[in-house]
Amino acid sequence: MTAPDPNDGPGGAPSAGPGAPPPALVRSPLSDGEWHRLHPLTPLLRGGLFLLVVIGIVVANLRDRLIAIFFPWSGEDGVDVDMQGDPVDFVIDNNLYLVALLIVVGVLAVLVGGFYLSWRFHTFRITDDDVEVRSGILFRTQRRAPLDRVQGVNLTRPMIARLLGMAKLEVIGAGAGGNVRLEYLSTENSEAVRADILRLASGQRLAEESARREAAGSRVAALGQTVSRGLTGLVEGDEAPVAEPESVVDIPVARLILSHVVSTTTVMLILGVVAVAVGAARGTPWLLFAIVPGLIGVGAYWVRSIIRSLRYSIAPTPDGVRITFGLLTTITETVPPGRIHAVEITQPILWRPFGWWAIRINRLSGRNAADTSADQFTTALPVGTAADVERVLRLLQPGVPADEWGMIVTQGMVGPGRRPAPVGEDDAEATDAAADGFRTSPRRAWPLRPLSWRRNGFRVTPDLLLLRRGFIWRRLAIVPLARLQSIGIDQGPLDRALRVAGLRAHIVSGPVYASLGAIDRDDAVAAFDDIAHAAVAAAGDDRSHRWAEYLEAPVDPESGS
Amino acid sequence: MTNSPEPEAPVPTTPSEPDPASRPTEADRPAAVALPAEAPQGTEAAQTDEPATFDRIVESRSESRLVLAEGVWHQISPRYVWVQLLSSGIVLALVVAATLVLALAFGQVWAYIPGGIFTVIMVWTLAILPRQARAIGYRLREDDLVFRRGILWQRFVAVPYGRMQLVDITHGPLDRAFGIAQLKFVTAAAATGVTIPGLPQATADTLRDHLVEVAESRRTGL
C-alpha cells in the first residue's frame, strides 16, 4: 500500500533516511524516516462528504424530472412549464448527448484525478526529531511537529472509517491549530505509528544510545540489534494493539445515564415544564407546544453526551495515560506525562447524595477554540466515585507523594472536617486551619463568601498548588507547579476593606479556572512569593518533555537552575 | 465605580510613610541588568534624549493594600501619559464635534445621550490616567519578572523567565514621536497579561534583550 521500504529486511541498513529513528525504537515499517503515503482509501473518506453534497444538489435539482421519468403517470400537469431552461432539456433539444456525456466524464475524471493526485502528494514521515506531513498539489504545505513538544496523540475512529478498518491519527502540538493529522491509516498501522511516535518522543537519549551502538557496529552488531529487538518485542509484548490495557475505572452504564439525568439541565427542564404547564392552565393552552422543542433539544443533548461517554476507559501505558471513549466514534487519546496543566475535581450539589465526582483537565489541545470537538478532550472522568477519582488522579499526577493523597481526598474534595468552629477571634481560626491543611479564608471574609468561607482555601506542596472552593458546587483545582505559567494576586476596594486578596494561577486555557478569592491578605502575599519560587524550582526539575529519560534517571532534588 | 478610597490629590505630596521599596537608587539596581541610566530626576528631562521615568509608585494608603518585600520597582516614562492624553484627546474631540454637529446642525437631540455618556467616561479615564501610570511598575528578580499595576484594583503578577514564549515590542507613530514603546511578555497562558506600556525605547530594547537572554538560560518546557 505504500512505497516499498528499503530497510525493512532483517538487520536493517543503518542509514535509512536523514535522521531516521533507530530501528530498535520503532516497530512500524512506516516510521523509518522515509516519506510514506496514507491509506489508499483516504480520498473516499475525505471526499465522500463532498461527493454526497454534490449528488444531493443534483438530485434536488432534478427531482421533478426524475419523478417524471420513473413515475410518468404522476404530476403531468405543470411539469413542462417547470423545466424550461433546464440543462437536460437543452441537451435533449439540441441533440448534444455526446458533448454532455463527454463533459460528465471529464468532470468525473478531473475529480478522480484530483483525489488521486492529492493522495499521491500527501505524504508523511517520522524521523527521530519530528513528525512531518507534506500535502497539496499546487500549493504545497509542509508541517512539522517536534517530538519533544508533543502534547499527546489521538486516535479517532469515526463510524464509517471503523467499518473500513481505518483510523485518524492526530499528533497534538503546542500551538493553536498546530496539529499534524495523518488521516487515514489502517487501524493496525495507526496503532503502531502512535506507539512509535510516543516511544520516540519519550527519550532522545535512548535513541542516541542506540544510534551510537549502531554507528559503531558492523554486521555482527546489526545482527545483535535484530535479536535484541526481537527480544524486546517478546518482553514488551510487541505493543500488541489488541492487548488493550486494563481500565482502572469502570463506569456502569446506569450510573452514566443517571448522572446525566440528575443534573442542572434536568432541573431547568422541569422548571420550564412547570412554568409552561402553569401558563397553559391559566388559559393560554398554545403554550404547551413550547414544551416539544425543549424536550427534543434536551433529549438530543442527553443522548449525544451519553453516547460520547460510553465505553469510557482510562488506563496507564508506558507512554502516558490512555483515555478511550465514544460509542460510535471511538476516540483514543494518549496523554504523555507532564502534559496536563491543571486538574479539577467537581461535584454538583445534585450528585452529592450519590457521592459522584467528575474530573476535568486543562491541556494544550492544539485546537482552535471554535473547534466543536474540543470539549471532548477535557473530561478525564465523566462520573465516578471518590475511589475512582483517587485512581484517576494517581494516573494524572504520578509524581505526587503517597501521603498527599489522603489529604487531597479527605480534605480537598470533601472540605474541612465537620468540627464545630469556635466562635471567637481570629486565633481560633488559625489552629483550625492548621488542622485542615488548607489556608482558608478568614472569618471576616464572610460577606464575600457567605457559604463557603470555611471551605475556600489553598494549599501549596512542593509539587502542587491546590485550590479548594465552592460550598454548593464543590471544586478542587490541582495545578502542578511545574506547569504553572505565572502567578498573580489582586485586590479590589472591597477586598481591601476586608483585608483579603485574590490569588490566581495562570495556566493554559481550558475548563479549569484556577482562581481563588477572599483569602487573607498576608497569606496571599506570602503565597505569591512561595509559589513563584516553588514554580521556578519545579520547572527546573521537570524533565517530562522527554519522559523516558526522566524515569530512567531520577533527578536529584536540588538540580534546579 | 467610585474612587472613594483614593485620595483626591493627583499626586500625594506627603506620603504617610515613605516606602523605601519604591525609591529607586542606582545602588539598589540589580547588577545583572544593564538598563540604560536614566536622566537625573527633578530636571525638565522630558525633552532630553533619554526620558526620565516616574520615581515613585503611587498606591493606596490603606494598611491592607498588597505590599511585596523590599526591592526596586522600575517605572515607566511620563511621556506615556502624554501619548495617551493626546491620542484619547483626539478621539474625544472628534466625538464631541460629531455630537455637536448632529445635535445643533441636524437637530438630532438624542445625540447628546450617547455623546454625553462617552464624553463622561473618556474624561474620567483621562483624569485618573496620570495616577494609574504611576502605579505601573516591574521588578527583575533572580528568577522571575514581577509586574504590578492598578491602585484601586491592585494586581501583581510573577512570571518566571523560563516561561517566556516571546517578547513583543510595539510602538505606534505617536509612541515613536515621543520615544516610548510597549513591551508584552507572552507565556502559554493567556491570563498572564504582562504588558508594560510607556517604556523609554532604549529601555524597552535592553529589557527585551535581557529577557530573551535570561529566558534562554532558564528554558523549561511548557
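Protein sequences, first through last, are from chains A and B. With the numbering used here, the residue at position 22 of the first sequence is 22, and numbering never jumps. With the numbering used here, the residue at position 129 of the second sequence is 1129, and numbering never jumps. A virtual CB, placed ideally from N, CA and C, is assigned to each residue, including glycine. Remember, predicted model here, so these are calculated numbers, not experimental data.
Asked                                                                                                                                                              : Found
Between which two residues does the beta strand (DSSP E) harbouring R468/A extend?                                                                                 : 464-469
Are the beta-carbon atoms of L169/A and V150/A separated by less than 8 Å?                                                                                         : no
Consider the Cβ of P1160/B: report whether some Cβ of chain A lies at a distance smaller than 8 Å.                                                                 : yes
Determine whether the Cβ of D542/A lies closer than 8 Å to any Cβ atom of chain B.                                                                                 : yes
Taking L38/A as the reference, give the member of T266/A, I126/A, V104/A, N95/A with the closest Cα.                                                               : I126/A
So who's on the other strand from S313/A, going by DSSP bridges?                                                                                                   : T324/A
When you compare only the Cα positions, how much space is there between E1213/B and S247/A?                                                                        : 46 Å
Would you mind listing the alpha helix (DSSP H) stretches within the region 476-545 of chain A that are 4+ residues and don't spill past its ends, in chain order? : 493-498, 521-541
Candidates R474/A, L155/A, P337/A: which alpha carbon is nearest N189/A's?                                                                                         : L155/A
Under 8 Å between C-beta atoms, does P493/A make it to chain B?                                                                                                    : yes
Between A501/A and D490/A, is the Cβ-Cβ spacing less than 8 Å?                                                                                                     : yes
Classify I472/A: buried if its beta carbon has 16 or more other beta carbons within 10 angstroms, exposed otherwise.                                               : exposed
What in chain A is Cβ-close to V1067/B, meaning under 8 Å?                                                                                                         : V525
Quick one: which residues of the region 1141-1159 of chain B get their C-beta closer than 7 Å to a C-beta of chain A? List them in chain order.                    : D1143, D1144, L1152, W1153, Q1154, R1155, F1156, V1157, A1158, V1159
The alpha helix (DSSP H) spanning T1119/B covers which residue range?                                                                                              : 1112-1135
Would you list the residues sitting across from V335/A in a DSSP beta bridge?                                                                                      : V321/A
In the DSSP assignment, find the beta strand (DSSP E) that holds S135/A and state where it starts and stops.                                                       : 130-135
Using the Cβ count rule (16 or more neighbours within 10 Å means buried), how would you classify G1042/B?                                                          : For G1042/B, the pLDDT reaches just 39, beneath the cut-off of 50, and the residue's location in the model is therefore unreliable, although a value from the coordinates is still provided. Exposed, by the Cβ-count rule.
So, is the C-beta of Q485/A closer than 8 Å to a C-beta in chain D?                                                                                                : Chain labels in this structure do not include chain D; the protein chains are A and B.
By the criterion of Cβ-Cβ separation under 7 Å, what are the contact partners of G488/A in chain B?                                                                : R1155, F1156, V1157
Leaving out five residues before and five after P336/A in sequence, what residues of the same chain have Cβ atoms less than 8 Å from its Cβ?                       : V150, Q151, G152, L198, A201, S202, D319, G320, S544, W547
Provide the residue span of the alpha helix (DSSP H) that contains P1173/B, from first to last.                                                                    : 1173-1178
In this structure, what does DSSP give as the bridge partners for V303/A?                                                                                          : Partner(s): none; V303/A has no beta bridge.
Give the interface partners of H260/A over in chain B, defined as CB-CB distance under 9 Å, in chain order.                                                        : The premise fails here: H260/A is roughly 31 Å from chain B at the closest Cβ pair, so nothing lies under 9 Å.
Give the residues of chain B in contact with D129/A, contact being defined as C-beta atoms less than 9 Å apart.                                                    : The contacting residues do not exist; D129/A stays about 16 Å from chain B at best.
Since I257/A contacts I306/A with CB under 8 Å, what's their CB separation in whole angstroms?                                                                     : 6 Å
In three-state DSSP terms, what is L1199/B?                                                                                                                        : strand
Just the chain B side, please: which residues come within less than 7 Å of S509/A by C-beta, in chain order?                                                       : A1190
Does DSSP put L30/A in a helix, in a strand, or in coil?                                                                                                           : coil
I want to verify the contact list: residues of chain B whose CB lies under 8 Å from the CB of F528/A, in sequence order.                                           : L1068, F1156, A1158
Could you compute how far the alpha carbon of T123/A sits from the alpha carbon of P401/A?                                                                         : 45 Å
Taking only three categories from DSSP, how would you classify I67/A?                                                                                              : helix
For the pair the region 1175-1182 of chain B and the region 1196-1204 of chain B, tell me if three or more CB-CB distances fall below 8 Å.                         : yes
Within the 8 Å Cβ cut-off, does V335/A reach chain B?                                                                                                              : no
I'd like the list of long-range same chain contacts for P298/A, defined as Cβ closer than 7 Å, with 5 residues on each side in sequence excluded.                  : The sequence given here has Val at residue 298/A, not Pro. T265, L269.
Give a yes or no on whether 8 Å exceeds the smallest Cβ distance from H506/A to chain B.                                                                           : yes
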